[in-house]
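First residue of the sequence shown? That's 28 in the numbering used here, and the numbers climb one at a time after it.
Ideal Cβ placement from N, Cα and C applies to all residues, glycine included.
Source: prediction; values computed, not measured.
See structure below.
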Amino acid sequence: MTTALGPTTFDTLLESARTGALGPDPAGRRIAVAFTTRQAVRHDGRGTGYRNEVLSLRLGEAVGSCAVEPGALPDSAIDDCVGADVARLLHHPLLPVRVAALDAYLMHVTPHTPAHGARPAGLPAGTSLEKSRARARVVAELLDVPAGSRVLVVGVVNSLLEALRGRGLDPVPCDFKGGVTEWGDPVVTDALAAAEHCDALLVSGMTLGNGTFEPLRRHALRHGKPLVMFAQTGSAILPRFLGHGVTAVCAEPYPFFWLDGGPGTVHRYGGPAPEGTR
């Protein structure tokens with residue numbers, strides 16, 4: 028991605044957007060629509076399920092998003108966002124609102140196009156599980172590590188664990204909620220502690236919204252480890268960190284694969300050349 032400034036932290040990128048250094052004055056751009064998407068899923072053939080909740084903000088043709096823990100976002104956040112100028116939301120007290128606002132602004136300024144470094148990957152139509160597995164294959168291909176490598180997976184997605192094992196990699200699932208995976212593997216809860224014993228990191232964009240992205244980015248940068256982001260949250264934000272600790276991004280703007288059974292598209296930034304077309 029072509030970027031005028033080289034951000035080193037999420038906060039410096041946020042400040043650059045606030046001052047208009049990344050595009051038009053955010054005070055002159057207003058959010059037309061603010062909404063949340065709540066989802067519960069249990070794929071056919073899977074014994075466990077999960078829930079998602081996402082805040083999304085519409086700015087012109089762009090939609091920026093930030094996932095939150097279900098029930099964590101107050102209803103007042105929607106009222107705060109709709110009709111507000113982006114500059115005000117970039118200073119909002121709630122981090123997920125700041126993330127969604129920055130994502131919408133950057134999507135407006137630098138949409139996912141080849142001119143901005145995006146390489147589209149098509150997801151075929153199918154069931155929720157088929158589309159989940161197709162997305163997982165695209166994400167897993169962005170990891171340029173040898174077979175046998177230990178990969179920390181922050182944000183447990185069973186299809187990603189399955190795809191990594193299919194490539195001969197050893198995933199270490201991590202999530203605040205802990206517990207076990209579909210196959211009974213223990214889920215660690217301390218990402219930084221687990222990262223010390225892993226060769227690469229595969230991390231959900233949701234870490235932007237809960238404040239855990241920066242420590243993981245710094246760890247990867249300090250130790251020279253590959254860090255691949257799969258981003259429904261912050262899909263337009265995270266490509267800005269390529270070369271600053273992030274090695275590749277699978278960017279997936281709204282609407283996400285789990286909302287529609289038809290064909291879709293995700294966007295790859297960085298990483299090796301794809302193993303084949305989808």
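Quick check: the segment 214-221 against the segment 159-171, are there 3 or more CB pairs under 8 Å?
No, the segment 214-221 does not touch the segment 159-171.
Going by DSSP, which residues form a beta bridge with Ala258?
Reading the sequence shown from its first residue, position 231 is the one you call residue 258. Looking at the DSSP output, Ala258 sits in a beta bridge with Ala278.
Hey, is the segment 51-60 in contact with the segment 33-43, meaning 3+ C-beta pairs nearer than 8 Å?
no
Residues of its chain near Thr36, where Cβ-Cβ distance is below 7 Å and the 5 sequence neighbours each way are ignored:
As a first step, residue 36 must be located in the sequence shown, where it is residue number 9. These residues qualify, in order along the chain: Glu241.
Could you tell me the distance, in whole angstroms, from the CA atom of Gly47 to the CA atom of Arg267?
Taking the sequence shown and counting its residues from 1, the one referred to as residue 47 is at position 20. Taking the sequence shown and counting its residues from 1, the one referred to as residue 267 is at position 240. Roughly 16 Å separates the two Cα atoms.
Throw me the rounded Cβ distance for the Pro198 and Val181 pair, which I believe falls under 8 Å.
Here the question's residue 198 lines up with position 171 in the sequence shown. Here the question's residue 181 lines up with position 154 in the sequence shown. 11 Å between Cβ atoms; not a contact.
Are the CB atoms of Leu286 and Gly272 within a distance shorter than 7 Å?
For the purposes of this step, residue 272 is identified with residue 245 of the sequence shown, where counting begins at 1. For the purposes of this step, residue 286 is identified with residue 259 of the sequence shown, where counting begins at 1. No, Cβ-Cβ distance for Gly272 and Leu286 is not below 7 Å.
Give a yes or no on contact between the segment 126-142 and the segment 107-117, applying the rule of three or more CB pairs nearer than 8 Å.
In the pairwise beta carbon analysis, the segment 126-142 is classified as touching the segment 107-117: at least three pairs are separated by under 8 Å.
Measure the Cβ-Cβ separation of His294 and Pro147 and say whether it is below 7 Å.
Counting from one through the sequence shown, the residue named residue 294 turns up at place 267. Counting from one through the sequence shown, the residue named residue 147 turns up at place 120. His294 is a Cβ neighbour of Pro147, given a cutoff of 7 Å.
Considering Pro242, what are the terminal residues of the alpha helix (DSSP H) in which it resides?
The residue labelled residue 242 in the question sits at position 215 within the sequence shown. Here the alpha helix (DSSP H) through Pro242 covers Phe240 to His250.
Bridge partners of Pro198, per DSSP?
On the sequence shown, residue 198 is found 171 positions in, with the first residue counted as 1. Answer is Val178, bridged to Pro198.
Any idea if Glu88 is buried or exposed, counting beta-carbon neighbours within 10 angstroms, 16 or more meaning buried?
The residue you call residue 88 lines up with position 61 of the sequence shown. Its Cβ having fewer than 16 others within 10 Å, Glu88 is exposed.
Nearest CA to the CA of Gly4: which residue from Glu279, Gly175, Ala111 and Arg45?
Shown here, the chain extends from 28 to 305; a query on residue 4 therefore has no answer.
Apply the 10 Å Cβ neighbour rule to His246 and answer buried if 16 or more other Cβ atoms are within range, or exposed otherwise.
Counted from its first residue, the sequence shown places residue 246 at position 219. Its Cβ being crowded by 16 or more others within 10 Å, His246 is buried.
Inter-residue spacing [alpha-carbon to alpha-carbon] between Tyr132 and Leu49:
Reading the sequence shown from its first residue, position 105 is the one you call residue 132. Reading the sequence shown from its first residue, position 22 is the one you call residue 49. Between Tyr132 and Leu49, the alpha-carbon positions lie close to 9 Å from each other.
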